[in-house]
Every structure is written in C-alpha cells, then in structure tokens.
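Engineer: For the working numbering, count along the sequence shown from 1 and bump the result up by 295. The beta carbon of each residue, even a glycine, is placed where N, CA and C say it ideally should be. The model shown is predicted, which means the values in this text are computed figures rather than measured ones.
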Amino acid sequence: MIESRVTRREFMKGAGALAAASCLPVSLVELAFADERQNFTFAYISDAHIQHISGTKFVRNWDRGLIRAVAETNLMTPKPDFVVFGGDLAQLGTKAELDHGAEMLAKLNVKYRCVMGEHDYYLDLGKYWSELFGPHYYSWDHKGVHFVVLNSILTYDDWTHNRWPTAEQRMLEMAGLDNPNGSPFMVGEAQRKWLAEDLAKVKKDTPLVVFSHSPIQKIYKGWNFWTEDAEEVQALLASYSDPTVIYGHVHQIQYNQIGKIAFHSVMATAWPWPYPESYAQAQAQGQIQFPKLTVPMNRADPFFERDATGWQFIDVASGRTTMKYNLYNNTNRVVAFNTKTGQPEDTAFQDQAGRIEPQIHY
Ligand SMILES: [Fe+2]
Ligand SMILES: [Fe+2]
296 MIESRVTRRE FMKGAGALAA ASCLPVSLVE LAFADERQNF TFAYISDAHI QHISGTKFVR
356 NWDRGLIRAV AETNLMTPKP DFVVFGGDLA QLGTKAELDH GAEMLAKLNV KYRCVMGEHD
416 YYLDLGKYWS ELFGPHYYSW DHKGVHFVVL NSILTYDDWT HNRWPTAEQR MLEMAGLDNP
476 NGSPFMVGEA QRKWLAEDLA KVKKDTPLVV FSHSPIQKIY KGWNFWTEDA EEVQALLASY
536 SDPTVIYGHV HQIQYNQIGK IAFHSVMATA WPWPYPESYA QAQAQGQIQF PKLTVPMNRA
596 DPFFERDATG WQFIDVASGR TTMKYNLYNN TNRVVAFNTK TGQPEDTAFQ DQAGRIEPQI
656 HY
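1) Run through DSSP, which three-state label would residue 398 get?
2) Any idea if residue 464 is buried or exposed, counting beta-carbon neighbours within 10 angstroms, 16 or more meaning buried?
3) Considering only heavy atoms of ligand 2, does any lie closer than 7 Å to the CB of residue 383?
4) Below 8 Å between beta carbons: does that hold for residue 659 and residue 630?
5) Assuming residue 393 contacts residue 401 under a Cβ cut-off of 8 Å, what Cβ separation, rounded to an integer in Å, is found between them?
6) Reducing DSSP to helix, strand and coil, say where residue 428 ends up.
7) Taking 8 Å as the cut-off, decide whether the C-beta atoms of residue 564 and residue 415 are in contact.
8) So what does DSSP say about residue 511, is it helix, strand or coil?
9) Quick check on the DSSP output: what are the complete beta strand (DSSP E) runs of length 3 or more inside the region 450-507, in order along the chain?
10) Apart from the five residues just before and just after residue 534, which ones in its own chain have a Cβ nearer than 7 Å to its Cβ?
11) Might you give, ordered along the chain, the residues of its own chain that have their beta carbon closer than 6 Å to the beta carbon of residue 410, omitting 5 neighbours on each side?
12) Helix, strand or coil for residue 374 per DSSP?
13) In chain order, what residues of the same chain have a beta carbon less than 7 Å from the beta carbon of residue 448, not counting five sequence neighbours either side?
14) Please determine, among 553, 554 and 541, the residue with the shortest C-alpha to C-alpha distance to residue 562.
15) According to DSSP, simplified to helix, strand and coil, what is residue 414?
16) Flag residue 342 as yes when its Cβ comes closer than 7 Å to any non-hydrogen atom of ligand 1, and as no otherwise.
17) According to DSSP, is residue 404 helix, strand or coil?
18) Between residue 537 and residue 502, which are expected to be in contact by the criterion C-beta below 8 Å, what is the C-beta distance as a whole number of angstroms?
19) Give the single residue among 516, 528, 352 and 539 whose Cα lies nearest to the Cα of residue 440.
20) Whole angstroms is fine: what's the gap from residue 477's alpha carbon to residue 450's?
21) Rounded to whole angstroms, what's the CA-CA distance from residue 360 to residue 344? Just pull it up for me.
22) For ligand 1, is there a heavy atom less than 7 Å away from the beta-carbon of residue 412?
23) Among all the DSSP beta bridges, which residues are the ones paired with residue 553?
24) Throw me the rounded Cβ distance for the residue 364 and residue 340 pair, which I believe falls under 8 Å.
25) Relative to the alpha-carbon of residue 436, which residue among 496, 396, 462 and 569 has its alpha-carbon at the smallest distance?
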C-alpha cells in the first residue's frame, strides 16, 4: 500500500492495474491541482437500493453490489481520502434496510459521507436516516476544495403531508420510476437560502463540488430525472470559476455543461436504468428534455447485474472535468472537456454515427 502522497501518474497506474483485474462498482475521483495544492482522490458509491424481503432476508443482488463496492474501495491504492455514498441506500426507506446498508458501509476503512435519496426519505421523511448519517444537507472543506451535499429530493409540502393516507403509501408512490402519482423533486427555498449563506463564505476561485441525488438539471420529468428549482440552484453556483455537480439517481452515465457548471452522474451498484430516450411512451409524449451534450447509454438492459457500474476520475486542476468510466463488459468511456467546442464530450461515442442505437422498451 502506498500511504504517502503519490503523483497523478503513479495513481493512474495503480488504478489502471486494479481496473484491469476487476470492474469496480464504485466511482473513484481524483482532484488534481496544477499549483502547490496536494492532489487527492475520493471514491463514490451510489444507489444500492438495499431491499428487505422478510425476517433476515434481503435481495441478494443489491446486497452483493454494495458489498463488492465497499470491498474494492478498501483495496484501492492509494486510499481515497473519503467516500461519498450518493443516495438510495434503501429501497423503501425502512429501518431494516437502512440498518443493513449502514452495516455494509461501516466496513469502509475510510470516512464516508451520505447524500439523501428519495428511497431513503419518503417513509419517515429522513428521520431514521438522520440518526444513522447526520444532517440532510451540509458542507465541508478539504484540501482547498469546498464540498456541498444537498438534499435535492424534497417536493411540494401538500404532496408530502396531505396527499397520502399512510407513510407507506407515500413511500411506494415516490419509489416508482414512471408513476404519474409522483411529484417533482426540488431543493426548496429553505435549503437554497442555506446554500447562499454557506457560499457567501467561499471565495469565487475556490473549486466547488456539489453532491446531489437528483440531477440539478431538468432532464426528463416523467421519470423524475429532474429538479424543479434547478435554475435557482444553478444561479447560486454560476459565479464560481469551475463548479461541478455530481449526482446519482439516474443509474447511468450522463454529463452536461451549463454555463460554467459541469454536471456528471455516477453509476449505481444495484441496476442500470435504460436511457429515457429508449422509451416509446416518452417519445410519444414529446417530454424528453435531454441536455444537449448527454450521450445515450450504449446499453439498455436492466437485468444485466453489473451493468452501469464502474469508476471514474475528476480532474479539477484545469478547471475542467474529465471522467474515466470503466464499465462491466462494455467499452470503457471517457468524458472529457473539448476546448475546441467548449463542452464536455464522450471521446468515443459523441458522434451520432458512433453510437449504438438504444433499444426500445415499453
Ligand atoms: Fe436509485
Ligand atoms: Fe433515486
């Protein structure tokens, strides 16, 4: 194990060797600085969806995804400085599921921090989650970078408090991907006020990395790949020199650039969602609002256990973001900023002709 500071080259070499040996269901992030600041890495695991069956039984595949991610994170050389879990630890927000997931995360040999997912929240509105993991939104500084965690999966008070006769029904309604009884996610006014106050203390040239569960963008409302007040949150980030938003929830690779803000998704340990464009009803409804730069997934098989899992780096040194994804049984992907076009692009699949057509799902 290399315990001391290593160069970016050494780090890449180590990570490459590990990737060749196995596919990592974890996202590994490197923040590399061009000046005297120390480069560092952190790992990202998301969307485990631990699901209770009965008694001591849980859905095995989802357990295995998280167990493997934790085990492989613990084997990384050099050790990541910390781990972020990106939300949807549980499937239906129960104590049994959150406890079971927390037990697996507790095996991480580095500090971890959590982001709230809708599957964690809508049973008891995040009460038990807070007992395990702390506040729903918070920030910290690490080696010159300001990190912010937002709870982006809140919704209208009326839907949350008045619409459903039981907490269980509320949870089930929000747990459905394409359920018309769901309600759009949002960060909300109180949290936006907190964010504005938090950022008031942060210099504009400080690298800023925001973690949310839903995208802080409007991608596809029908599946809640959506944040209702995305523009308001983006406005708070836009004055920074190189802000990055990293999100889970979509269980697939997405990226985009809006003004100065770079957006990147991380992959799930549970299952992949097919790209929404592949859904016939979405096309018929004309509801797709894809970010201009997002590249469709090159696969659409929700029953492919290890699909949509991998690892990636982020380089904030240049002020631009490069993600390196290693995918199970698929061509690896690199999403890097193209200085000629001024936007992040997939180096292999950006051209329409190079893409694999999405499958049609009904
Ligand atoms: Fe999820
Ligand atoms: Fe989610």
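Structural biologist: The relevant details are as follows:
1) Reduced to three states, the DSSP call for residue 398 is helix.
2) Exposed is the label assigned to residue 464, since fewer than 16 other Cβ atoms lie within 10 Å of its Cβ.
3) Flag set: Cβ of residue 383 near ligand 2.
4) What the structure shows of the chain is the stretch from 296 to 657, and residue 659 is not part of that stretch, so it cannot be assessed.
5) In fact, because the Cβ distance is near 12 Å, the residues do not count as touching under 8 Å.
6) Helix.
7) Contact flag unset, no.
8) Assigned with DSSP and collapsed to three states, residue 511 falls in coil, not helix or strand.
9) Within the region 450-507, the runs of beta strand (DSSP E) that reach at least 3 residues and sit entirely inside it are, in chain order, 503-507.
10) Excluding positions up to five away in sequence, the list reads 499.
11) Excluding sequence neighbours, residue 410 sits near 381, 382, 444, 506 and 508.
12) Reduced to three states, the DSSP call for residue 374 is coil.
13) Around residue 448: 411, 412, 413, 416, 480, 508 and 509.
14) Residue 541 is the option with its Cα nearest to residue 562.
15) Helix at residue 414.
16) At least one heavy atom of ligand 1 is nearer than 7 Å to the Cβ of residue 342, so yes.
17) Three-state result, residue 404: coil.
18) Going by Cβ atoms, the distance from residue 537 to residue 502 rounds to 6 Å, so yes, they are a contact pair.
19) Of the candidates 516, 528, 352 and 539, the residue whose Cα lies closest to the Cα of residue 440 is 539.
20) Approximately 9 Å between the Cα atoms of the pair.
21) The straight-line gap separating the alpha-carbon atoms of residue 360 and residue 344 is approximately 10 Å.
22) Here the distance from the Cβ of residue 412 to the nearest heavy atom of ligand 1 is below 7 Å.
23) Residue 553 has 556 as its beta-bridge partners, per DSSP.
24) Right, their Cβ atoms sit about 5 Å apart.
25) Closest by C-alpha distance to residue 436, out of 496, 396, 462 and 569, is 496.
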